[in-house]
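Protein chains in written order, with the numbering used here: chain A, -3 to 646; chain B, -3 to 646.
Beneath this line is the structure, given in structure tokens, with notes to follow.
Here is the structure:
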């Protein structure tokens, strides 16, 4: 039975007529149908709106962590509303978060982030991976790679802050990373464009002999929440462009799979009469899926069968091949995605220049390796398994299948770039017909609810489209990418929301249940250093604020509380080295302040209870207001003070 | 009459029962009511969803340009979908846009942006203003201020890029800016925290005698699209904290109004036994609304009645007062917003620590000034008009009224911070009762469709709320702000959408009709330098790419087209100075590439047809891949090459 108010509601729809009727003059105060008419909405649009609209105060069910590509950041998106909840800065400075503008985060960004002694202030984030426990996302950490500068970062999901950057000492470019093993024992980072290991120089005519790739297994200390560089190690790889990677799980735990696309070892024109890499690397019919037995690799590392390069232990390619730490199996023509099925029994590889997805059977490969059944070796002595003996089958999906994600019912969803489709297919029954859904346009990656775990949720898939073109108001030659939320709960797939990505260029992303997060709302006790998770020895208690001078060194112990800084006037001499020790005395949710000094390029974010520390040389004389940069109260503008830098000789 | 499909649609709603009925097991494939039940949506929610949902391929009607606060950027939002269309970087580097990572934009960011010789790489953006022609947004330019470092920037809306940063040579902090006069003759920037003009030093005991504010009138060259610093000038102001500002229009064209909140001249504790600014500046019952006659000021400037400080001509406070370029009228206790009505006859001032909005009658003030009718002078000799004689009236709105915007029907909408309400009131008929709508929470600024023009559109108002707290999935101690879209087309206001701001902290924003934009899709002809709008002399034609060596200087003339760089291998010697001249040969919409060099902190965005130029010293020897960072095609990963830096002595 309809309740009276609902009857009235639908009556108002019906009175206003069909969507094609002219817009009523009553404005949008009317019923549903009049709004539909006015805004040109179809019935399907209204259903889609209802599936995604998240009313005030209601929370999203899922959270996407998307890579920001050459934005160097992470974009956090609520599902199904597709609202962006946060950008997290990682490889570049960002002042709203107070990251890279004088505070404690400078050490992560500018010191840990250095490569070869050079400060690097951006990154190209490709593949964020959530920490896992038992093959399930645990909501603790997020790892991500920087393709451009071969680095890996750790974000603590307790406070959504970047806590560590690790610079790869071997390779000059990465791609297949950061992927975690099912209990986050390792964060795996594999190379893309080959170069001499360790930053050495060699001309391109020595590509085959001197250029190499590597897979780095970064040991993760789950208690400290940091990568333990000392206990990490790597495996040398041939100079094929390693691409996507995934870790085995359940029955295949202990393996890592990496595909590659340059078995031709093209290095471009080399300034001579050779083809560009786009054609040079696209000639062979088959490339090599790398199968790595990392538990065996661990035993080699433990036995000392490594060489140390730039401080990291490396298993040589020869040893990796001889010990079957590394074996190969062919994969069709420049593959792209590499995705282990939820049950861990198979790896699906996308055939970028092929029309198929190929389903590798891990048990078959294990059996071939165990029995020593190979068809030959590559130029570097790596044993190659027979392609047909290794696979369950192939499935024709369209032009340019890339990445594959999974649902709870046994379906796979593959992004098909050239066709601009999401293709749904049954990876357990390859005879079943496919369903192809058009998306707008040129889908790259794809993500699914809890999609990389051992128990995907189904319900939602997101198409991550590279081209947006006519989808949004034109905001310049540099257009956003376009995400489309797809409802996969019904018998057929439906696009239910289009969202632009306004900053950065997402590649991979993962979608986790929102209730797996255990985010804090304040740093407790007040004065907690977020990088040590302990109260700073320099935190100050109310009433004990002070300025301590020692020659040309000035230490200011300052409290921060609505709506003042204590002390609020600081006098120093030109040339003094000043350290500000800031303690937020707040503990209430959302009671954040900022602290900026005009003209000194200083801005930090003072979340409730946070300790921050800023050191600078007062090298410009004058009068510099400092103030709260985060609107905190009715007297926010009044939350200010002065830094007075007395000129030399004055 | 209902068409059959719509009948079926509503039938499906009705069959599924009321919103309170249990969720059907059929999943979301069912009708509207089943989705409502499953997602807990009310009828009002569905209506709101239909008012905001923008189906795939349909464009938004309006575009908001919001300040990014201490994010230093601009956020562009589509209305009514409330999707973020783009972030535009302004005062800080951002690699996705290729801004600040080696390309032509470096000059704007790092050179033009310097203050006192210091590189400043962030900003605190408060008040973006769209360029106007005849008091209407014309869609050409966007201006914005940096409160922290007293700078103003110009964004060209042709390509949504920051084209100019101008550093204020007088003040150390700004706030009331960047406001334009009705034909964009001037971009006005006024100070906030007083300091000795021109960066001089003076201790706080000299606050009254040495500290000053200023209003800078930046002359805008509409043909060049740049601020013309030589033809700009300023007016010295007393050391009251100038706050918001607005330009007169129509009958009041020629005036600028600035409010202020520190007539007490508090400078905080001064290290002694004085109150913090929050209380020190909140003691007087009245502060001063600054009334500036800028057309009269122009005549003083033309007559040479100025002093030049740090290269800018300044009308002294004494002259400004004597000539009535500057007059005052009292305004109640620490006001905040300052908003001229669409017809230009009145200014509404928000009473931050008062419960009223005050409506000043500009004709009355003009009359008082013309007749020389004043009640006295302030300490600096500025004539003060009688408060009661200057106003039309006051309207009680609640606790903490801040900013006011307008619709087409004669209503004003004021943000009321402490009450967390948007208050609708009739500014032409103060007797009419108010309507207060609760928002979540602590609304700061507020914006309306075409709201700052002479012809507001009505329809939409956006509440820009400082606190989001329980509105979204918790993403850390640093929470987003929260925008709420309010439908003002009906008899009562309704919140119809909640959106989080995931990066930055918006203050002011403006909402323009989307069809006023005339954004380009490519730079034509190929090789166009976006900073000169002409084809670069260094642009290269296909087939003419080359590497030119001249001692230790290497110039590379490179073409960029799907999917290769020509040349793709560059050999230089350690220590060489390398300049890359990049020409995108593309012209198709959305065919953007990126260009990054690993480990060299270089990344530029190569939109279709763009010319870019990167100069660096090859100070690290080794093998450095360069590659396309914007996913451009199926062979995007193959769009790469190598920079080979031969070590010295090798």
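Positions of the beta carbon are idealized from the N, C-alpha and C atoms, including for glycine.
Take residue 475 of chain B, set aside five residues on each side of it, and the residues of its chain with a beta-carbon closer than 6 Å to its own are 464, in chain order. Collapsing the DSSP output to three states places residue 489 of chain B in coil. For residue 105 of chain B, the three-state secondary structure derived from DSSP is helix. Remark: C-beta atoms of residue 435 of chain B and residue 459 of chain B approach each other more closely than 9 Å.
C-alpha of residue 54 of chain B to C-alpha of residue 467 of chain A: approximately 7 Å in a straight line. Chain A places a beta carbon closer than 9 Å to that of residue 78 of chain B, counting this residue as a contact. Residues of chain A with a Cβ closer than 8 Å to the Cβ of residue 469 of chain B are, in chain order, 55, 56, 59, 74, 81, 510 and 513.
Only 237 and 239 from the region 222 to 256 of chain B bring a Cβ to less than 9 Å from some Cβ of chain A. In the DSSP annotation of this structure, the continuous segment of the alpha helix (DSSP H) that includes residue 275 of chain B starts and ends at 273 to 276.
Taking 9 Å as the threshold, the shortest C-beta distance from residue 616 of chain A to chain B falls below it.
Per DSSP, residue 35 of chain A is not a residue of any beta strand (DSSP E); the alpha helix (DSSP H) it occupies stretches across 28 to 35. Residue pairing by DSSP puts residue 573 of chain A in a beta bridge opposite A:549 and A:613. Residue 274 of chain A belongs to the set of residues whose beta carbon lies under 9 Å from a beta carbon in chain B.
Nearest neighbour of residue 209 of chain B by Cα position, chosen from B:292, B:245, B:316 and B:154, turns out to be B:316.
Along the region 114 to 187 of chain A, the beta strand (DSSP E) occurs as fully enclosed runs of 3 or more residues at 125 to 129, 132 to 142, 147 to 152, 157 to 163, 170 to 176 and 182 to 187, listed in sequence order.
Ranked by how close their Cα comes to the Cα of residue 415 of chain B, the residues B:462, B:194 and B:389 have B:462 in first place.
Rounded to the nearest whole angstrom, the CA to CA distance from residue 362 of chain B to residue 350 of chain B is 26 Å.
Within the region 35 to 55 of chain A, the residues whose Cβ lies closer than 9 Å to some Cβ of chain B are 35, 36, 37, 38, 39, 40, 41, 42, 43, 44, 45, 46, 47, 48, 49, 50, 51, 52, 53, 54 and 55, listed in chain order. With a 10 Å radius around the Cβ and a threshold of 16 neighbouring Cβ atoms, residue 279 of chain B comes out exposed. Taken through DSSP and simplified to helix, strand or coil, residue 481 of chain B comes out as strand. According to DSSP, residue 555 of chain A shares a beta bridge with A:562 and A:579. Apart from sequence neighbours up to five positions away, the residues of its chain that approach residue 532 of chain A with a beta-carbon distance below 6 Å are 523, 525 and 607, ordered along the chain.
In the three-state reduction of the DSSP assignment, residue 450 of chain B falls in the coil class. If you draw a 10 Å sphere on the C-beta of residue 337 of chain A, you find 16 or more other C-beta atoms in it, and that means buried. With a contact defined as Cβ atoms closer than 8 Å, residue 145 of chain A and residue 636 of chain B miss out at about 15 Å.
Close CB contacts of residue 307 of chain A within its chain, under the 7 Å cut and outside five residues either way in sequence, are with 165 (chain order). In the displayed model, residue 603 of chain B falls within coil according to three-state DSSP, outside both helix and strand.
Counted as a single uninterrupted DSSP element, the beta strand (DSSP E) harbouring residue 409 of chain B occupies residues 407 to 412. Residue 600 of chain B is classed as buried because its beta carbon has at least 16 other beta carbons within 10 Å across all chains shown. Counting only the Cα atoms, residue 192 of chain A lies some 34 Å from residue 106 of chain B. If you check the CB distance, residue 237 of chain A and residue 190 of chain A come in under 9 Å. The three-state reading of DSSP puts residue 92 of chain B in coil, since its state is none of H, G, I, E or B.
If one requires a minimum length of 3 residues, the beta strand (DSSP E) runs lying completely within the region 298 to 330 of chain A are 303 to 305, 308 to 311 and 322 to 328, in chain order. For residue 594 of chain B, a Cβ of chain A is located within less than 9 Å of the residue's own Cβ. Listed along chain B, no residue sits closer than 7 Å to residue 362 of chain A by beta-carbon distance, the nearest being about 30 Å off. Contact between residue 181 of chain A and residue 52 of chain B is ruled out by a C-beta separation of about 42 Å, above the 8 Å threshold.
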